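S.K.: I have a structure here, written as structure tokens, and I will follow up with some questions on it.
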Amino acid sequence: MGAPHVIVIGAGSTGAAIAHDLALRGPRVTVVERGGVASGTTGHNQAQLHSGARYAVNDPESARECIEENMLLRKIMPEGLELNDGLFVALTEEHLAYRPAFLEACARCGIPAREIPAARALELEPRLNPRLLAAIQIPDGVFDPYRFCLSFLATAHQNGARILTFTEVIGIDVSRRVVRVRDRRSGQTGALEADLIVNAAGPWAGKVAALAGGRVEVEPSAGAMVTVGARMCHRVINLLAPPGDGDIIVPQRQTSILGTTSWTVADLDHITIPPHHLEQIFAVAGQLIPDVHRAPVRGVMAAARPLLVVPGSGGRATTRGFACYDHARDGADGLVSMVGGKTTTARGMAEKLSDMVCAKLGVNVECRTRTERLLSYRAGMGA
Amino acid sequence: MNLTFTLRIRRPQGWADFTVTVPDDAYVLDALEAAERHDPTLLFRHACHHASCGSCGLRVNGRERLGCVTRVAEVASRGRVLKLEPLRNLPRLGDLLVDHQPLFSRIDAVDLPPIRAAASEAVAGPQPTRFENCIECGLCVSACPVAGSDSSYWGPAALAAAARVAAEPRGRDVASVLKLVDDEHGLWRCHGVFECTEVCPADVDPAGLIMGLRQRLLEGERQ
Amino acid sequence: MKRWFDLRRRSAGLWAFRLHRLSGIGLVLYLYLHLAVLNQLRGGPGRWDAFVALARSPLFLALDVILLGGVLIHGLNGLRLTLLGFGRGLRWQKQLFWVALTLSVVLMGWGAVAMFRR
Amino acid sequence: MEQMEQIKMGSGRWGWLLQAVSGILLVVLVGLHWVAQHFLAAGGLRTYADVAAYLRQPVIFGLETAFLIVVTTHALLGVRAILLDLGLGPRADHVLRWALALVGAATVGYGLDLTLAVIR
Chain A
1 MGAPHVIVIG
11 AGSTGAAIAH
21 DLALRGPRVT
31 VVERGGVASG
41 TTGHNQAQLH
51 SGARYAVNDP
61 ESARECIEEN
71 MLLRKIMPEG
81 LELNDGLFVA
91 LTEEHLAYRP
101 AFLEACARCG
111 IPAREIPAAR
121 ALELEPRLNP
131 RLLAAIQIPD
141 GVFDPYRFCL
151 SFLATAHQNG
161 ARILTFTEVI
171 GIDVSRRVVR
181 VRDRRSGQTG
191 ALEADLIVNA
201 AGPWAGKVAA
211 LAGGRVEVEP
221 SAGAMVTVGA
231 RMCHRVINLL
241 APPGDGDIIV
251 PQRQTSILGT
261 TSWTVADLDH
271 ITIPPHHLEQ
281 IFAVAGQLIP
291 DVHRAPVRGV
301 MAAARPLLVV
311 PGSGGRATTR
321 GFACYDHARD
331 GADGLVSMVG
341 GKTTTARGMA
351 EKLSDMVCAK
361 LGVNVECRTR
371 TERLLSYRAG
381 MGA
Chain B
1001 MNLTFTLRIR
1011 RPQGWADFTV
1021 TVPDDAYVLD
1031 ALEAAERHDP
1041 TLLFRHACHH
1051 ASCGSCGLRV
1061 NGRERLGCVT
1071 RVAEVASRGR
1081 VLKLEPLRNL
1091 PRLGDLLVDH
1101 QPLFSRIDAV
1111 DLPPIRAAAS
1121 EAVAGPQPTR
1131 FENCIECGLC
1141 VSACPVAGSD
1151 SSYWGPAALA
1161 AAARVAAEPR
1171 GRDVASVLKL
1181 VDDEHGLWRC
1191 HGVFECTEVC
1201 PADVDPAGLI
1211 MGLRQRLLEG
1221 ERQ
Chain C
2001 MKRWFDLRRR
2011 SAGLWAFRLH
2021 RLSGIGLVLY
2031 LYLHLAVLNQ
2041 LRGGPGRWDA
2051 FVALARSPLF
2061 LALDVILLGG
2071 VLIHGLNGLR
2081 LTLLGFGRGL
2091 RWQKQLFWVA
2101 LTLSVVLMGW
2111 GAVAMFRR
Chain D
3001 MEQMEQIKMG
3011 SGRWGWLLQA
3021 VSGILLVVLV
3031 GLHWVAQHFL
3041 AAGGLRTYAD
3051 VAAYLRQPVI
3061 FGLETAFLIV
3071 VTTHALLGVR
3081 AILLDLGLGP
3091 RADHVLRWAL
3101 ALVGAATVGY
3111 GLDLTLAVIR
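Chains as they are written, first to last, in this note's numbering: chain A, 1 to 383; chain B, 1001 to 1223; chain C, 2001 to 2118; chain D, 3001 to 3120.
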């Protein structure tokens, strides 16, 4: 019996990282993606390489995952990141009050956070609000989500993975481990046989799981972002306050991305941004860097963002964390789903899921993605 | 306030019309996604939606643009028909979908570092870096008449990348990169049409970089 | 070839390229036509002078004016391309073309008047 | 060696430079030719006798020969640029180079022969 065959559904950051991890451990991998690479959640994200500081106080587990992955990504894709650190800035007494808990939580989560004089922060980032009271430097960074995925997929491809973009999953016979697909370019349909099926379809994970009779509890929420046509800062600028709407400005090439907000969405494929969200983004971002009001708006976008429903919370509580589901549990053995999480932690998420997949397939090979250098995103993946 | 108009999309078997209704501040990409809801077989590429990934290039009424940052209101002609065609000079995979790999491979061949110095003027603290201006979207390659007829031509994007390596090597071997492009199918095939510079959404000015590199080769290292 | 004439929404640079190539091809054809016509010199004064009389007809002069226009636009745009090729005038590449075009038309007009008046 | 090969084949930088330099020379030579042939001559065109007398002057003969060589070179390099734009393979390019070189030689030969015939 040759190497086991794993089909990965979804070529976002999760699917790409899983393909890379499994391709290094022996199984044959086929990635099936309805659209282009990163045409789902990953493509639209705010491109922030999280240091985890934002979640240190209220979601320490996510915070630890972020800082660990942040440091690993710097080793495996050094040229794929803008590494200028980030700043948490305080503008009001209320923000200052949040500082002690913030610094202490960062320390607990192993996130290097260093306070710098307000004057120094204004020197480093001249467009910051002059009324700045305090600033804390943390190892945030910036990546390009599309190229992040291309790097993982190009490396997976070189290690034997097949990447089928514009190929839609139209049916799953999980007992016989068969995935029926339609090549959207030729219109032809076909069946792919596998030993295991991985569902990394992000916001559509619920739909894909249902095809196999499994259930994934995902709250299809969305986030709005605005891009202005000027690079306002070299570092990621965060508001020193509990996570709220529009409190991050991320530089990206010659533009800046202001965001984000969140609301629950009925139809993932047709998201309209509630008007007040954009005002909210400009209101908060405008406090951080007043100039955003004068910069030309370059793009307004809404990203479907799957927030994991905490099991048993009846859909009320969600977490930024991620979860692996083995659907053997709900009558769909052969399907494994990975949901939630962030692009920053894609490698770590993939490691956990690949461990589960390898265990199920009896492949005992250690994960190598912590040290394996990724290929350039330009290397190509034959798709 | 909404806009209702016709998207006339070039498909392999000919033109197909879609009547779509989108908010008046919608982008061409939003209109395409509206059309895709009517006909899921419609093929086009998109990812970031804010002109930094470079995947959604296409021709709108004959001119190369990025779908994600081109507002419908600005380009919909009076007759409310928006003609969408795929980029030229890149292998067509279907409808508005092209394969960017030939472009990626050429830029990879000249080994352009993805990262550059962020600020040209002096800044406090460590020198910040950022991604290159060029988002490798292929608009320039589509607009270039030479790239259209000579497939062995390096093309504006790759030649601009070579010029960028020469300007900011970041450890790359500049001499070997210049040797690659300093020939008839590289720097010296460009006819100074400047259409690449006209359509570039990221102010890379490929034609200017090509001519600048010609000057450097002709006049030697004076800067 | 059809694509070469797709000028929708295109700018000065592409017009310059089209005109440069068109005039270039025209001039090459004229060069060989001209050399062929000169062959009549071998026929001695009789043949040649008869041809010269014919060549003074308004039709020939009109063609010469077009030839003059072709030479002017090709030459002046050629200077523009050489300047650009040395990295000079990049910011004004469009304006340089309009100058070349206007100059060509003006000189062509002046040439035409000069030729027809004689 | 590779650099020399490029120079000899007139490709790349040297091809472009040759085209630019010959172009600039032509602006002068065409101007002279046009003025000499059409303006200095009465009625704009020379009779046989005028042409013969004109070409016998050594300076004119030199200039007209130079003009012939430069314009032929420039024209054929132009033709080559157009054909190259259509994406020739290396073999076709090689054939093209030889063909154009032959045409160039023939053109200059024909012109010189004609001029000498008129002068005698």
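Ideal placement from N, C-alpha and C gives every residue a C-beta, glycine not left out.
The structure displayed is predicted, hence computed values, not measured ones.
(1) Buried or exposed, going by whether 16 or more other CB atoms sit within 10 Å of the CB of L2033/C?
(2) According to the neighbour-count rule (16 or more other Cβ atoms, all chains shown, within 10 Å of its Cβ), is R1106/B buried or exposed?
(3) Could you pull the start and end residues of the alpha helix (DSSP H) that D326/A belongs to?
(4) If the cut is a Cβ gap below 7 angstroms, which residues of chain B does W3016/D touch?
(5) Please classify E1154/B: is it buried, with 16 or more other beta-carbons within 10 angstroms of its beta-carbon, or exposed?
(6) First and last residue of the beta strand (DSSP E) that includes K1083/B?
(7) Taking Cβ positions only, does E1074/B come closer than 8 angstroms to chain C?
(8) Counting along the chain, where does the beta strand (DSSP E) carrying V365/A start and finish?
(9) Classify N2077/C as buried or exposed, calling it buried when 16 or more other Cβ atoms lie within 10 Å of its own Cβ.
(10) Can you tell which of F2086/C, T2102/C, F2116/C and M2108/C has its C-alpha closest to the C-alpha of L1218/B?
(11) With 8 angstroms as the limit, tell me which residues of the stretch 1090 to 1106 of chain B have their beta carbon closer than that to any beta carbon of chain A; keep them in chain order.
(12) Kindly give me the distance between the Cβ atoms of S354/A and I18/A, rounded to whole angstroms, as I take these residues to be in contact under 8 angstroms.
(13) For L2067/C, go through chain B and note every residue whose CB falls closer than 9 angstroms to its CB, in chain order.
(14) Which residues does DSSP list as the beta-bridge partners of A3081/D?
(15) Buried or exposed, going by whether 16 or more other CB atoms sit within 10 Å of the CB of Q48/A?
(16) State the DSSP-derived secondary structure class of M232/A, mapped to helix, strand or coil.
(17) Would you identify the three-state DSSP class for P203/A, choosing helix, strand or coil?
(18) Excluding sequence positions up to five away, which residues of its chain have a Cβ less than 8 angstroms from the Cβ of L2107/C?
(19) Which residues does DSSP list as the beta-bridge partners of F2097/C?
(20) Can you confirm whether H1191/B, when its beta carbon is compared against all beta carbons of chain C, has any partner nearer than 8 angstroms?
(21) Kindly indicate which three-state DSSP category G223/A falls into: helix, strand or coil?
(22) In chain B, which residues lie less than 7 angstroms from G3087/D when you measure between Cβ atoms?
(23) Note down the Cα distance separating R1116/B from W3016/D, rounded to an integer number of angstroms.
(24) Could you give the distance in angstroms between the alpha-carbon of G1171/B and the alpha-carbon of A1158/B?
(25) Spell out whether any CB of chain B is found under 8 angstroms from the CB atom of S2023/C.
(26) Is it buried or exposed, R3013/D, if we count other Cβ atoms within 10 angstroms and call 16 or more buried?
(27) How is the beta strand (DSSP E) around R1008/B delimited, first residue to last?
(28) Quick one: does D1173/B have its CB under 8 angstroms from some CB of chain D?
(29) Which residues does DSSP list as the beta-bridge partners of E1064/B?
(30) Please tell me whether T3073/D has its Cβ less than 8 angstroms away from any Cβ of chain C.
(31) Could you tell me which residues DSSP pairs with A1117/B in its beta bridges?
(32) Can you tell me where the alpha helix (DSSP H) holding T2082/C begins and where it ends?
(33) Taking C-alpha atoms, which residue in R131/A, G202/A, Q188/A and G141/A lies nearest to A82/A?
(34) Evaluate contact between the stretch 102 to 115 of chain A and the stretch 1021 to 1029 of chain B, counting only Cβ atoms and requiring at least three cross-stretch pairs below 8 angstroms.
(35) Hey, how far is the Cα of V1204/B from the Cα of C1053/B?
(36) Compare the C-beta of V3095/D with all C-beta atoms of chain C and state if any pair is closer than 8 angstroms.
M.R.: The structure says:
(1) exposed
(2) buried
(3) Element bounds for D326/A: not the alpha helix (DSSP H) but the beta strand (DSSP E), F322 to D326.
(4) W1188
(5) Sequence check: residue 1154/B is Trp here, not Glu. By the neighbour-count rule (16 or more Cβ atoms within 10 Å), W1154/B is buried.
(6) V1081 to E1085
(7) no
(8) Careful: V365/A lies outside any beta strand (DSSP E) and carries neither H nor E.
(9) buried
(10) F2086/C
(11) L1093, G1094, L1097, Q1101, F1104 and S1105
(12) 6 angstroms
(13) Near L2067/C there are no residues of chain B at all, since even the closest Cβ is about 23 angstroms away, more than 9 angstroms.
(14) Looking at the DSSP assignment, A3081/D forms no beta bridge with any residue, so it has no partner.
(15) buried
(16) coil
(17) helix
(18) L2068 and L2072
(19) BP columns for F2097/C are empty, so no partner.
(20) yes
(21) strand
(22) S1149, D1150, S1151 and S1152
(23) 31 angstroms
(24) 18 angstroms
(25) no
(26) buried
(27) N1002 to R1011
(28) no
(29) R1059/B
(30) no
(31) T1129/B
(32) P2058 to G2085
(33) Residue 82/A is actually Glu in this sequence, not Ala. Out of R131/A, G202/A, Q188/A and G141/A, G141/A has the C-alpha closest to the C-alpha of E82/A.
(34) no
(35) 15 angstroms
(36) no
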